[in-house]
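*Asks:* Protein chains in written order, with the working numbering: chain A, 235 to 493; chain B, 26 to 326.
Every residue gets a Cβ at the ideal spot worked out from N, C-alpha and C, and that includes glycine.
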């Protein structure tokens, strides 16, 4: 347990020293703030740069606050996921490659502590970034468009965070089983987008899919109520996360460190 | 007392047998060197002992008991120690100490002691990324010692160092030897001869020779004749192989070492030959085979 804390503290110090703890939240804030700002100024932007013919009547409905925040979530689903995966891809593989993972494991450290400290580190940065970015987005939305009930914001961000936790858990898994950072990122992103795409195409049969979290997030934002199928998706997602973590630990045990 | 015993240790990678069922034991308080050419299975053996690699079969006993997780008792310095380059030397030692179950205070205290000992006190606050190879090796030695291990395992501790760094590490090992048992692998035979009590020679995944340095040397020692010429004398050297008292001739440039079965008569006849033929010699010396000769013999056999 003590070793777990030592390792987790090391993860956090490392993220502070290489400024990950700064730039990832900043990216999320930018992604979150850009949406309400661009929605608000869209008529002006079109007017200035659109090169529309004289006399065009611009009659654009201003989106509701909920709609703007759904756009934000969808940005997080694309760029946010990309940034998270790219920043987390080397979490285990880079340490194995340099050999420092072996230097840690020659001390009496349980294999689970190593993997779980990595996981906790990723969770910390993911959740901090998502919450800060989303709150910033909410603030600008209420400033420029309209205020969305805080309760809905809170519920939706909690549900959405489950999806991102799922994504970083997958990244950790692939980083454990593969060596090249690039291939880790590629495979993770491929799998994540495959899950999302299949879920949206075969939605009826995939009510259990972790990717459904995105839909449930939208649902909560728009209506303030949870769909009844949420529980199933929630349980399977948590179950998959646990299974993936356990397999990561088991696979890590089998890997030859210090080659 | 027997500290560690390996029985029928086997490691297979796919189809290749890296280690083919080796047996040996390490006595407490000894300094043991593990010798062998590249690819003999030295590193694989050391990794199995340190708990980093699961043996395919066989067992390791520690202090007479079947070992489960030895890592608490073992300090290990890999061939290419790696560190978190963003940490300072001291930070890394404290980190390693805490991972080895020392509390923060103990880890700090022990780190300072060891930094002093390996001569890194002045560099303790610098980032490891800026350390030289020798400094990293010394830091590696310090991290292996941080939890006062019962057995210190060093994988090629001096191979990558310059003569000065090599000397420093060897001197440190000589000091450490007084406190704990050391097992180190090397292919620098001179180092093994200098500081080890016992030797194990590995070849192609098997242990070829083991025992205390003195007894091994005694057992395999052969009288040899070393002759150095001013110019090459290949013709004559070829011809002497037919003498019945000559068992082996090794030519290295102008130097030749000849293993003789009968030193007393052999040296007379050869010396006479040299005089008769007017061969230009610079040196004619009677000596004993060294560890290197023994090593070469094992490896070429």
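1. Using a Cβ cut-off of 8 Å, pull out every chain B residue sitting near residue 336 (chain A), in sequence order please.
2. If we ignore side chains and look at the alpha-carbon of each, how far apart do residue 263 (chain B) and residue 274 (chain B) end up?
3. For residue 15 (chain B), which residues in chain A fall below 8 Å Cβ to Cβ?
4. Quick check: is the beta carbon of residue 252 (chain A) nearer than 8 Å to any beta carbon in chain B?
5. With a threshold of 16 other CB atoms inside 10 Å of the CB of residue 259 (chain B), please say whether the residue is buried or exposed.
6. Between residue 225 (chain B) and residue 35 (chain B), how many whole angstroms is the CB-CB distance? I'm expecting something under 8 Å.
7. Which one of B:299, B:87, B:292 and B:313 has the shortest CA to CA distance from residue 261 (chain B)?
8. Looking only at its own chain, which residues have a Cβ that is under 8 Å from the Cβ of residue 119 (chain B), when we skip the five neighbours before and after it?
9. Residue 272 (chain B) by DSSP, collapsed to three states: which one?
10. Look up residue 37 (chain B) in the DSSP assignment and give the residues it is bridged to.
11. State yes or no: is the beta carbon of residue 240 (chain A) nearer than 8 Å to at least one beta carbon in chain B?
12. What did DSSP end up calling residue 301 (chain B) once you bin it into helix, strand or coil?
13. Whole angstroms is fine: what's the gap from residue 445 (chain A)'s alpha carbon to residue 427 (chain A)'s?
14. Look up residue 440 (chain A) in the DSSP assignment and say whether it is helix, strand or coil.
15. Taking just the CA atoms, how far does residue 234 (chain B) sit from residue 255 (chain B)?
16. Can you confirm whether residue 491 (chain A), when its beta carbon is compared against all beta carbons of chain B, has any partner nearer than 8 Å?
17. Using a threshold of 8 Å, state whether the C-beta atoms of residue 347 (chain B) and residue 73 (chain B) are closer than that.
18. Give the secondary structure of residue 323 (chain A) by DSSP, where H, G and I count as helix, E and B as strand, and everything else as coil.
19. Determine the direct distance from the alpha carbon of residue 39 (chain B) to that of residue 66 (chain B), and round the result to whole angstroms.
20. Going by Cα to Cα distance, which pick from A:381, A:300, A:415 and A:315 is closest to residue 454 (chain A)?
21. By the criterion of Cβ-Cβ separation under 7 Å, what are the contact partners of residue 121 (chain B) in chain A?
22. For the candidate residues A:267, A:341 and A:432, whose alpha-carbon lies nearest to that of residue 125 (chain B)?
23. Output, in chain order, the set of chain A residues within a Cβ distance shorter than 7 Å of residue 96 (chain B).
24. Below 8 Å between beta carbons: does that hold for residue 366 (chain A) and residue 255 (chain A)?
25. Out of B:313, B:311, B:296 and B:312, state which residue places its alpha-carbon closest to the alpha-carbon of residue 305 (chain B).
26. Of the choices B:103, B:28, B:104 and B:111, whose alpha-carbon is the least far from that of residue 252 (chain A)?
27. Please list, in chain order, all residues of the same chain as residue 117 (chain B) whose beta carbon is under 8 Å from its beta carbon, the five residues on each side excluded.
*Replies:* Short version:
1. Against the first chain, residue 336 (chain A) aligns to sequence position 102. Simply 77, 103 and 107.
2. Start at 1 with the first residue of the second chain, and residue 263 (chain B) comes out as number 238. Start at 1 with the first residue of the second chain, and residue 274 (chain B) comes out as number 249. Each residue's Cα considered, the two are about 9 Å apart.
3. Here chain B covers residues 26 to 326 and nothing more, so residue 15 (chain B) does not appear.
4. Along the first chain, one-based indexing puts residue 252 (chain A) at 18. Yes, residue 252 (chain A) lies at the interface with chain B (some Cβ there is under 8 Å from its Cβ).
5. Position 234 of the second chain, counted from the first residue, corresponds to residue 259 (chain B). Its Cβ having fewer than 16 others within 10 Å, residue 259 (chain B) is exposed.
6. By one-based count along the second chain, residue 225 (chain B) stands at place 200. By one-based count along the second chain, residue 35 (chain B) stands at place 10. Contact doesn't hold; Cβ gap of about 16 Å is too wide.
7. Position 236 of the second chain, counting from 1, holds the residue named residue 261 (chain B). Selected option, being the one with the closest Cα: B:299.
8. For the purposes of this step, residue 119 (chain B) is taken as the residue at position 94 of the second chain. 129, 132, 133 and 136.
9. Position 247 of the second chain, counting from 1, holds the residue named residue 272 (chain B). The answer is strand: DSSP assigns residue 272 (chain B) an E or B state.
10. The residue labelled residue 37 (chain B) in the question sits at position 12 within the second chain. In the DSSP output, where bridge partners are listed per residue, residue 37 (chain B) has B:42.
11. Mapped onto the first chain, residue 240 (chain A) falls at position 6. Yes, because at least one Cβ of chain B sits closer than 8 Å to the Cβ of residue 240 (chain A).
12. Against the second chain, residue 301 (chain B) aligns to sequence position 276. Three-state DSSP puts residue 301 (chain B) in a helix.
13. The residue given as residue 445 (chain A) occupies position 211 in the first chain. The residue given as residue 427 (chain A) occupies position 193 in the first chain. If I take the Cα positions, the gap works out to 9 Å.
14. In the first chain, residue 440 (chain A) corresponds to position 206, counting from 1. Residue 440 (chain A): coil per DSSP, three-state reduction.
15. Counting from one through the second chain, the residue named residue 255 (chain B) turns up at place 230. Counting from one through the second chain, the residue named residue 234 (chain B) turns up at place 209. Between residue 255 (chain B) and residue 234 (chain B), the C-alpha separation is close to 37 Å.
16. As a first step, residue 491 (chain A) is located in the first chain; it is residue number 257 there, counting from the start. By this cut-off, residue 491 (chain A) is an interface position.
17. Since the first and last residues shown for chain B are 26 and 326, residue 347 (chain B) lies out of range.
18. Taking the first chain and counting its residues from 1, the one referred to as residue 323 (chain A) is at position 89. Note: residue 323 (chain A) maps to coil in three-state DSSP.
19. Here the question's residue 66 (chain B) lines up with position 41 in the second chain. Here the question's residue 39 (chain B) lines up with position 14 in the second chain. If you take the alpha carbons of residue 66 (chain B) and residue 39 (chain B), they lie about 15 Å apart.
20. On the first chain, position 220 is the one that residue 454 (chain A) refers to. It is A:300.
21. Looking up residue 121 (chain B) in the second chain gives position 96. Neighbours of residue 121 (chain B) on chain A, chain order: 341.
22. Position 100 of the second chain, counted from the first residue, corresponds to residue 125 (chain B). Comparing Cα positions, the closest option is A:341.
23. One-based indexing of the second chain puts residue 96 (chain B) at position 71. Going along chain A in sequence order, the residues near residue 96 (chain B) (Cβ under 7 Å) are 340, 341 and 342.
24. As a first step, residue 366 (chain A) is located in the first chain; it is residue number 132 there, counting from the start. As a first step, residue 255 (chain A) is located in the first chain; it is residue number 21 there, counting from the start. Result no, Cβ atoms of residue 366 (chain A) and residue 255 (chain A) do not sit closer than 8 Å.
25. The residue labelled residue 305 (chain B) in the question sits at position 280 within the second chain. Measuring from the Cα of residue 305 (chain B), the nearest candidate turns out to be B:296.
26. In the first chain, residue 252 (chain A) corresponds to position 18, counting from 1. Nearest option by C-alpha distance: B:111.
27. For the purposes of this step, residue 117 (chain B) is taken as residue 92 along the second chain, with counting starting at 1. Excluding positions up to five away in sequence, the list reads 108, 109, 153, 164 and 168.
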